[in-house]
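Chemist: In terms of the numbering used here, the sequence shown is residues 74 to 148. Positions of the beta carbon are idealized from the N, C-alpha and C atoms, including for glycine. Model, not experiment: these values are computed from the prediction.
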Amino acid sequence: MLLIVICKVRWCDSSTNHHPRFCSAGSDGKVMRWTCIRGELRQILILDLPSAMKATRLDDGTLLTMPGFLKKTFF
74 MLLIVICKVR WCDSSTNHHP RFCSAGSDGK VMRWTCIRGE LRQILILDLP
124 SAMKATRLDD GTLLTMPGFL KKTFF
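#1: Quick one: what's residue 96 bridged to in DSSP?
#2: Figure out for me which residue from 92, 81, 134, 102 has the closest Cα to the Cα of residue 115.
#3: Let's see if you can read the secondary structure: which residues bound the beta strand (DSSP E) around residue 115?
#4: Around the C-beta of residue 149, are 16 or more other C-beta atoms found within 10 angstroms, so that it is buried, or is it exposed?
#5: Looking only at its own chain, which residues have a Cβ that is under 6 Å from the Cβ of residue 101, when we skip the five neighbours before and after it?
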């Protein structure tokens with residue numbers, strides 16, 4: 074079972090149709106926009122940052138990590 078932690082959730086500006094919207098940022102590096110239309114939640118992928126959540130080894134062997142990246146950058 075895959076467990077994805079949602080780091081932040083924030084209300085967004087409403088669409089031109091005045092449907093309620095919110096955005097979420099998950100531990101998998103995905104930023105999603107959710108829109109409630111007729112009682113149904115529809116999602117759109119806004120941004121995918123898979124490398125921000127994983128350590129990356131540079132060409133010179135340096136291990137690069139960015140702890141708290143989503144927390145500080147998007148919300």
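Modeler: Let me lay it out:
#1: Note: residue 96 is bridge-paired with 83, 106 in the DSSP secondary-structure output.
#2: When the alpha-carbon of residue 115 is set against those of 92, 81, 134, 102, the nearest one is in 92.
#3: Secondary structure note for residue 115: its beta strand (DSSP E) is the uninterrupted segment 113 to 121.
#4: With the chain represented from 74 up to 148, any question about residue 149 goes unanswered, as that position is not in the structure.
#5: Counting only Cβ-Cβ distances below 6 Å, and skipping sequence neighbours, we find 77.
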